[in-house]
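Asks:
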Amino acid sequence: MSDSLSPPTAHPHLGGNIRFCISCGAELTYRAWIGGDGTMQLCCTSPSCNHVHFLDPKVAAGVIPALDGRAIIVQRAHNPGKGLWTFPGGFVNRGEVVSEAAVREAMEEAGVEVKSGPLMGVYSFPGNPTILIVYAGEVVGGEPRPLAESTDLRLVGPDEIPYEELAFDTTRAAFRDWQAWMSAGK
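Taking the working numbering, the leading residue of the sequence shown gets 2, the next gets one more, and so forth.
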């Protein structure tokens with residue numbers, strides 16, 4: 002497989018290029034999937050294997066934890082978005098319930114125990130390999146503080162969200178929904 006095919010084979014979550022079939026070890030190529038809908042996929046070059054390596058999106062969970070009507074936001078310690086702000090969130094582990102993943106992330110990133118509330122939304126954008134599922138939440142324990150994945154923490158009211166400093170399009174979309182939800186008196 003030539004290096005000219007490297008960009009399309011870059012896996013969005015494994016941090017590198019996928020070059021060999023996980024089923025048989027043959028090289029991969031990027032082509033329309035035979036029997037598929039014509040979309041380009043990573044396919045094994047071995048005629049006896051012909052395995053298709055789907056580069057499916059990852060699922061992430063987030064929670065907008067409220068304390069006295071203000072949202073906890075954390076400043077990211079790592080890329081992507083290092084130094085920018087978001088609500089606690091991260092990837093869902095295999096077999097983990099999405100709402101429980103959101104609650105776990107609040108403890109890991111902000112040191113707070115959160116009761117998961119209503120679903121704010123499911124967010125995905127073209128070219129983004131992540132689907133983000135966000136809940137509203139209520140802080141029920143712990144002391145808000147930045148932990149290993151965060152360099153700082155703030156409490157912001159619905160009208161104080163620093164949109165120009167937020168890390169991702171999905172973060173901005175979720176905060177707009179949370180802001181509207183809070184304005185409706187929830």
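Every residue, glycine too, gets a C-beta built ideally from N, C-alpha and C. All values reported here derive from a predicted model rather than from experimental measurement.
Hey, could you find the ends of the beta strand (DSSP E) R32 is sitting in?
Replies: Counting along the chain, the beta strand (DSSP E) containing R32 begins and ends at L29 to A33.
Asks: For a test of the three-state rule: what should DSSP assign to V98, helix, strand or coil?
Replies: If DSSP states are grouped into helix, strand and coil, V98 belongs with coil.
Asks: How close, in whole Å, do the beta carbons of I221 and L156 come, if the pair is a contact with beta carbons under 8 angstroms?
Replies: A question about residue 221 goes unanswered here, because the residues of the chain that appear run from 2 up to 187.
Asks: Between which two residues does the beta strand (DSSP E) harbouring A137 extend?
Replies: Residues T131 to G143.
Asks: For Q42, which residues in the same chain have their Cβ closer than 8 angstroms to its Cβ, ignoring the five residues on either side in sequence?
Replies: Y31, R32, A33, W34, V53, H54, F55 and L56, listed in sequence order.
Asks: Just tell me which of P159, F169, A185 and E165 has its CA closest to the CA of A67.
Replies: Nearest of P159, F169, A185 and E165 to A67, Cα basis: P159.
Asks: With DSSP as the reference, label T171 as helix, strand or coil.
Replies: Helix, per DSSP.
Asks: Quick check on the DSSP output: the beta strand (DSSP E) that includes A78 runs from which residue to which?
Replies: Taken as a continuous stretch (DSSP letters only), A78 belongs to no beta strand (DSSP E), as it is neither H nor E.
Asks: Looking at C-alpha atoms only, which residue of N18, M121 and L29 is the closest neighbour of D178?
Replies: Comparing Cα-Cα distances from D178 to each of N18, M121 and L29, the minimum goes to M121.
Asks: Would you list the residues sitting across from C44 in a DSSP beta bridge?
Replies: T30 and V53.
Asks: If you follow the beta strand (DSSP E) that G122 is in, where does it begin and where does it stop?
Replies: Here the beta strand (DSSP E) through G122 covers V113 to Y124.
Asks: Looking at A103: is its Cβ nearer than 9 angstroms to the Cβ of N94?
Replies: No; because the gap between Cβ atoms is not below 9 angstroms, this pair is not in contact.
Asks: By a C-beta neighbour count over all protein chains shown, 10 Å radius and 16 as the cutoff for buried, is A149 buried or exposed?
Replies: Flag for A149 reads exposed.
Asks: Compute the Euclidean distance between the alpha carbons of M2 and E28, then round it to the nearest angstrom.
Replies: The predicted model places M2 with a pLDDT of 33, which falls under 50 and marks its position as unreliable; any figure quoted below should be read in that light. If I take the Cα positions, the gap works out to 6 angstroms.
Asks: Counting C-beta neighbours from all protein chains within 10 Å, is the total for G112 16 or more, i.e. buried, or is it exposed?
Replies: Counting Cβ neighbours within 10 Å, G112 comes out buried, since at least 16 surround it.
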